[in-house]
Amino acid sequence: MNSKTIKKPYKYFWTIIVLISALIIQIYSPRFIIRLGHSSYDLFQQLQPRIYQPAPVKILAIDNKSLEKIGQFPWSRKVIADIVEKLTSLGASVIVFDMMFSEKDRTSATEIAKHLAQYPMLAAKLATLPDNDDMLVSAMQKTKVVTGFMLKESSENAPLPVLKKGFMIKGNSALPTLTCLSNAISNLPKIEQAAKGNGTFAYFPDEDGIIRKAPLLMCLQDKPYPSITSEALRLFQEKKAYMLETSTDGSIDNIQIGNLSIYPNPSSEILLHYTHTLASRYIPAWKLLDNQISIEEIKNKIIYIGVTASALKDMRFTPFGYNVPGVEVHAQLAEQLLQNSYLSYFEWTDELNICLLMIAWGLFYFFNSKMNAVSLAFFGSIIIIFIICVSWYLFTIEKQFFDPLSPSLFIVLLFIVFILQKQWQTEGEKRWLREAFGHYISPNRVKYLIENPESLTLGGEYRECSFVMTDLANFTALMEKHPPHECVSMLNHYLDGMINIAFKYNGTLDRIVGDAVAVIFSAPIIQKNHQQLALECALAMDAYAMQFAKDKGDKGIKFGITRIGVCSGKVLVGNFGGEHMFDYRALGDPINTASRLESVNKQFGTRLCVADSTIGHCENFKSRPVGWLVLKGKQEKIKAFELLTEEEFNSPLIQDYLLAYHKMEQQTPDAVDEFSKLVAKYPNDPLINYHFQRLQQQQIGSTIVLTSK
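What follows is the structure, encoded as structure tokens:
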């Protein structure tokens, strides 16, 4: 393994990117953040609507029944004048029109006379009758009336509406922060002149059509104008001017209307806190005209006059999910301003959002390594619940709106990124562990431990496994002839190749003892073809070792041959040791047998000695029998084979050997003669020489009792 320190990427890079992005988004408030705020605002309104408290504000409703009794709308100015006079007689403090009189009343006698030129006498008679508009002007002059005008964006050169009273500004101009339009539709000049107050009744719904804010001031051609409600409150308190306090950037901090100190948003808008629609707020117009209204219902009150009949379509959508007449929005605004029950945006929203996000990031950072995903999610939920509780407290107690959804959303996003980062880090650590520990123990063992951590307990189980044992001949003698560092380098190179072959065939490295290697198959992962894998591994190791020795021999280095023993059988595999230190091992006779078979290669002159328990389960491997072996210290014999390549097995030597071995195994008298002929024909084959010597010593048959290990 590389001895350099393993460098890991900065663990929390993406969480910091998300945090910075969240902070920027919170400050600049893109459209989707605004929509989130609208959603939480609507929900809070539905959960905690404003509780209606009686206020000196009423709505004279031109409702469906009024239309039935009085006639279709618009009514003649004479009817409107009658309404104004009756309200005045009942002691109305201020009368506010949520309607316009921008054209002459076509039902006036003087207007009708213009169309009766063919009837001069009738036209002259009608011309002497009172004009309806004049009648309305006369009625308005006797009381405090507020008329309204409509702002619009156009290039027309229309006259500006009359500004009844001016503004005293403490600070910089407020125009840069107001909603400004270029033109207006005004009332008839004489009606506008007769009114004591004149203001805009424009308000702008949000993208979803819901009215959530209402402006107290607007701008027309670089000139501030009040709303009809601002004018109604000014006249209600009998004040002559407005006092504005502004910041250095012109944003409005305070609007003083008489004794009312109002704190709108920088654009002079009030965040509405609605009550549900109440019948007690309305007075039907027909009842007033029929003299069915008592003085107590009108006296000293601000009376808004507006249409509420559904057919007239002056309806506005509210956070409650239903429409209300547009005049009610103005009336509810007046109620809230008089009772100081309106909402305002939390002043430190950006700062609080930044603090919450940074605190959440810091806490996630601190607890990320100490908590699992479930605990961290619970912890994040506590933070979100805290935000919601703070927001709810501000809304219900302090009458301030703070959107809990956007910081909560980003905290959830931070949590997800932290978890993904943690998962990515965990996967990286697993990969690093596999790579690192793969240099100490088998990769398949590392993989198994990572996927099955419960296996790290003491104990074992019986399982059928195969074992490959290797040993390098004459390495001690080699070390005496070469410098130690050269020998160590050669040995490491040799072992690296042997171990790579074991891993290639999914073997588990049991141990390395000096120049010897022990490999297990079918542990810890069960391999149904473990005998085949063991034989393939043994052949590949033998080929590699022979080539390695040849390469060294070409350089004048006498590198020894590698002897290999293979055996299969049932063993006890598992973790053995103590509570503090244990090792993964296999215990059983097949391990010892594999080691013995590796060792007996020296006596037979073979390189690959395999037990029948292994090769007997594999039909596609070639071998020649060595004999029935009784290993030292054992009583039962096992049949051993020399594992061969396809090319070796098909050679004449092996075919001749198999015939001679059969006679030896059958204990025929001419077995000695057969091996004598083989020795003469193949003098360099160690196994043939070994059997010939045995037979000469009267050791008949194929059973070999070994007296040494």
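Numbering of the sequence shown is given in our numbering, commencing with residue 15 and proceeding in unit increments.
Heads up, the beta-carbon is just placed ideally off N, CA and C, and yes, glycines get one too.
If you're wondering where the values come from, they're calculated on a predicted model, not measured in any experiment.
Cβ neighbours of residue i in the same chain (closer than 8 Å, five flanking residues each side left out)
{"i": "Leu-709", "result": "Met-678, Ala-685, Val-686, Phe-689"}
{"i": "Gln-251", "result": "Ile-271, Gly-272, Asn-273, Leu-274"}
{"i": "Ala-563", "result": "Phe-573, Gly-574, Ile-575, Thr-576"}
{"i": "Ala-552", "result": "Val-482, Ile-578, Val-580, Leu-622, Val-624, Leu-657"}
{"i": "Ser-244", "result": "Gly-213, Leu-230, Leu-231, Tyr-256, Ile-269, Ile-271"}
{"i": "Ser-422", "result": "Ile-398, Ile-401, Ile-402"}
{"i": "Thr-262", "result": "Gly-185, Asn-186"}
Residue i versus residue j - alpha carbon distance
{"i": "Trp-642", "j": "Lys-616", "result": "17 Å"}
{"i": "Leu-724", "j": "Asp-597", "result": "Residue 724 cannot be examined here, being either before or after the span of the chain that is shown, 15 to 723."}
{"i": "Lys-18", "j": "Tyr-696", "result": "Annotation note: pLDDT 39 at Lys-18 (below 50); position unreliable, coordinate value reported separately. The straight-line gap from Cα to Cα measures roughly 55 Å."}
{"i": "Ser-265", "j": "Ala-188", "result": "6 Å"}
{"i": "Glu-660", "j": "Ala-694", "result": "25 Å"}
{"i": "Ala-554", "j": "Gly-511", "result": "10 Å"}
{"i": "Gly-335", "j": "Asn-314", "result": "33 Å"}
{"i": "Lys-156", "j": "Ala-246", "result": "16 Å"}
{"i": "Ser-582", "j": "Ile-539", "result": "16 Å"}
{"i": "Met-329", "j": "Val-341", "result": "9 Å"}
{"i": "Trp-406", "j": "Phe-46", "result": "21 Å"}
{"i": "Glu-633", "j": "Phe-392", "result": "60 Å"}
{"i": "Leu-37", "j": "Asp-267", "result": "25 Å"}
{"i": "Ala-153", "j": "Glu-99", "result": "6 Å"}
{"i": "Asp-417", "j": "Gln-40", "result": "11 Å"}
{"i": "Glu-365", "j": "Val-343", "result": "32 Å"}
{"i": "Gly-630", "j": "Lys-636", "result": "11 Å"}
{"i": "Phe-27", "j": "Phe-429", "result": "14 Å"}
{"i": "Trp-89", "j": "Glu-283", "result": "33 Å"}
{"i": "Asp-674", "j": "Ile-605", "result": "Checking the sequence, you will find Ala at residue 674 rather than Asp. Rounded to whole angstroms, Ala-674 to Ile-605 spans 31 Å at the Cα level."}
{"i": "Gly-474", "j": "Asp-529", "result": "28 Å"}
Boundaries of the beta strand (DSSP E) in which residue i is found, first to last residue
{"i": "Gln-102", "result": "Sequence inspection shows Thr at residue 102; the Gln mentioned does not correspond to that position. Looking at the DSSP string, Thr-102 is not in any beta strand (DSSP E); the run it does join, the alpha helix (DSSP H), is 91-103."}
{"i": "Ala-14", "result": "The structure shown has nothing for residue 14, since the chain only spans 15 to 723."}
{"i": "Ile-269", "result": "266-271"}
{"i": "Glu-283", "result": "283-285"}
{"i": "Ile-309", "result": "Counting along the chain, Ile-309 falls outside any beta strand (DSSP E), and DSSP gives it neither H nor E."}
{"i": "Ser-275", "result": "274-276"}
{"i": "Ile-316", "result": "316-321"}
Three-state secondary structure (DSSP) of residue i
{"i": "Cys-632", "result": "coil"}
{"i": "Ala-625", "result": "strand"}
{"i": "Asn-606", "result": "helix"}
{"i": "Glu-117", "result": "coil"}
{"i": "Ser-582", "result": "strand"}
{"i": "Glu-494", "result": "helix"}
{"i": "Phe-111", "result": "strand"}
{"i": "Ile-714", "result": "coil"}
{"i": "Leu-292", "result": "coil"}
{"i": "Thr-576", "result": "strand"}
{"i": "Asp-263", "result": "coil"}
{"i": "Leu-470", "result": "Any reading at Leu-470 is ruled out, since the residue's pLDDT is 47, under 50, leaving its predicted position unreliable."}
{"i": "Leu-486", "result": "strand"}
{"i": "Ile-526", "result": "strand"}
{"i": "Asn-514", "result": "helix"}
{"i": "Ser-637", "result": "strand"}
{"i": "Leu-258", "result": "strand"}
{"i": "Leu-509", "result": "helix"}
{"i": "Leu-601", "result": "strand"}
Sequence-distant residues of its chain with Cβ nearer than 6 Å to residue i (five each side left out)
{"i": "Ile-668", "result": "Arg-638"}
{"i": "Glu-167", "result": "Leu-195, Ser-196"}
{"i": "Ile-433", "result": "Ala-387"}
{"i": "Gly-715", "result": "Gln-681"}
{"i": "Glu-253", "result": "Sequence inspection shows Lys at residue 253; the Glu mentioned does not correspond to that position. For Lys-253, where only same-chain residues beyond five positions count, the Cβ hits under 6 Å are Gly-272."}
{"i": "Ser-420", "result": "Ile-47, Leu-50"}
{"i": "Lys-653", "result": "Asp-626, Trp-642"}
Contacting residues, own chain, Cβ-Cβ under 7 Å from residue i (five flanking each side not counted)
{"i": "Ala-537", "result": "Arg-477, Cys-479, Thr-522, Val-587, Ala-600"}
{"i": "Leu-81", "result": "Phe-87, Ala-323"}
{"i": "Tyr-454", "result": "With a pLDDT of only 48 at Tyr-454, under the threshold of 50, the placement of this residue in the model should not be trusted; the figure read from the coordinates follows. Hits under 7 Å: none found."}
Element boundaries [alpha helix (DSSP H), containing residue i]
{"i": "Asp-417", "result": "That residue, Asp-417, is in no alpha helix (DSSP H); it is neither H nor E in DSSP."}
{"i": "Thr-243", "result": "242-250"}
{"i": "Glu-550", "result": "544-568"}
{"i": "Asp-148", "result": "146-154"}
{"i": "Leu-302", "result": "299-303"}
Quiz item: Along the chain, which unbroken stretches of the alpha helix (DSSP H) at least 4 residues long are found entirely within the segment 165-237?
Solution: Qualifying alpha helix (DSSP H) stretches, in chain order: 203-208.
Quiz prompt | Sequence ranges, beta strand (DSSP E) only - wholly within the segment 25-85, length at least 3 | solution = Assignment of beta strand (DSSP E) within the segment 25-85, counting only whole runs of 3 or more residues, yields 71-76 in chain order.
Quiz item: What are the complete beta strand (DSSP E) segments, minimum 3 residues, inside the segment 642-710?
Solution: Correct list: 652-658.
Self-check item: Completely contained beta strand (DSSP E) runs for the segment 324-386, where each covers 3 or more residues
Solution: Complete beta strand (DSSP E) runs here, min 3: 329-331, 337-339.
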